[in-house]
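J.: Quick one: this structure, given as structure tokens, is what I'll be asking you about.
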Amino acid sequence: MRVAIISDVHANLEALEVVLADIRSRQCQSIVCLGDFVGYGPNPNECVDLLSPLLQGRHVAGNHDWAAVGRLDIAFFNPYAAEAIRWTQRVLRPPVRHYLQALPTQWSQNGALPFLAVHASPRDPIEEYVLDGATARESFRQRQFSLCFIGHTHVPAVFLAVGDEVETRPFRAGEEIRLEAGVRYLINVGSVGQPRDGDPRASYALLDTAAAAVRLVRLEYPLQRTQEKMLGEGLPPILAERLSVGR
Ligand code: ZN
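Each step along the sequence shown adds one to the number in the working numbering, with nothing skipped, and position 223 is 302.
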């Protein structure tokens, strides 16, 4: 079975459409979304309308989703992110708000190759940034899982644990990781709508459960169109500009 794992769409419809077309072309059986459907980008309603029927409950909440529906205080957001959240709060249609409000904080796939799906980290599913092995180790210690997918940092990465030893690796475009028995994995799939690893291409991961392998896919999309819409809506220009450089 092929499963597409996507995260951090951030209301970027152009990036989402390109990713969904790619997922369709690869005959994936299901799509899992790790949250941050909205925030930063200009099309929150359209992204949720397009994506939510494809997920069939395989979804979790991100910090921006919670902020957009008033479940998380934006006092700790940077000023640009907070401004984008206030704009999002104004434009969200009630059914989209209800959808975001009802998202769970974690989702689990059972079966031959079980995995956990959260937005930020297994020990703190909404807010913790896992950027190093020491932080990843706490989740490996506190939660039981062999394989967990995360987003939130917008930086693709692989954290591997054998016993209490944790190794950190970047997860590069086109790279395939073979999942080994006895090794535990925390895999960041990157961001569809606002990559921050210096590569502006949309990012998502493909899990092949029969082969026990995970591949990172990067795709170009017409980001100028997204930028024009963001500026047209009066969103902070810096949020549009950073799409060009993937930072
Ligand atoms: Zn995010």
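The beta-carbon is built from N, C-alpha and C at its ideal position, and this holds for glycine as well.
According to DSSP, A340 sits in a beta bridge with which residue or residues?
T.: The first residue shown for the chain is 80 and the last is 326, placing residue 340 beyond what the model contains.
J.: Looking only at DSSP bridge pairs, what is T247 linked to?
T.: F238
J.: I believe L265 touches V209 by the beta-carbon criterion, under 8 Å. Please report the beta-carbon distance rounded to the nearest angstrom.
T.: 7 Å
J.: Please classify N267: does DSSP put it in a helix, a strand, or coil?
T.: strand
J.: Of all the options L192, E206, R165, L318, which has the alpha carbon lying nearest to the alpha carbon of R275?
T.: L318
J.: Looking only at DSSP bridge pairs, what is V111 linked to?
T.: I84
J.: DSSP state of S200, grouped into three classes?
T.: coil
J.: For S187, count the other beta carbons within 10 Å of its own beta carbon; 16 or more makes it buried, fewer makes it exposed. Which is it?
T.: exposed
J.: Around the ligand ZN, which residues pass a check of Cβ closer than 5 Å to any of its heavy atoms?
T.: D87, D115
J.: Pull up the distance between the alpha-carbon of L286 and that of D278, whole angstroms please.
T.: Rounded to the nearest angstrom, the two C-alpha atoms are 22 Å apart.
J.: Report all residues from its chain with a CB closer than 8 Å to the CB of I164; omit the five preceding and five following residues, and keep chain order.
T.: G118, H143, A146, A147, I153, F156
J.: Return yes when the Cβ of G230 is within less than 8 Å of the Cβ of L113, no when it is not.
T.: For L113 and G230, yes; Cβs fall inside 8 Å.
J.: Helix, strand or coil: which one does DSSP assign to Q168?
T.: helix
J.: Select from V197, R280, P132 the residue whose C-alpha is nearest the C-alpha of P301.
T.: R280
J.: Could you spell out the range, first to last residue, of the beta strand (DSSP E) harbouring L22?
T.: Residue 22 is absent from the structure shown; the chain starts at 80 and stops at 326.
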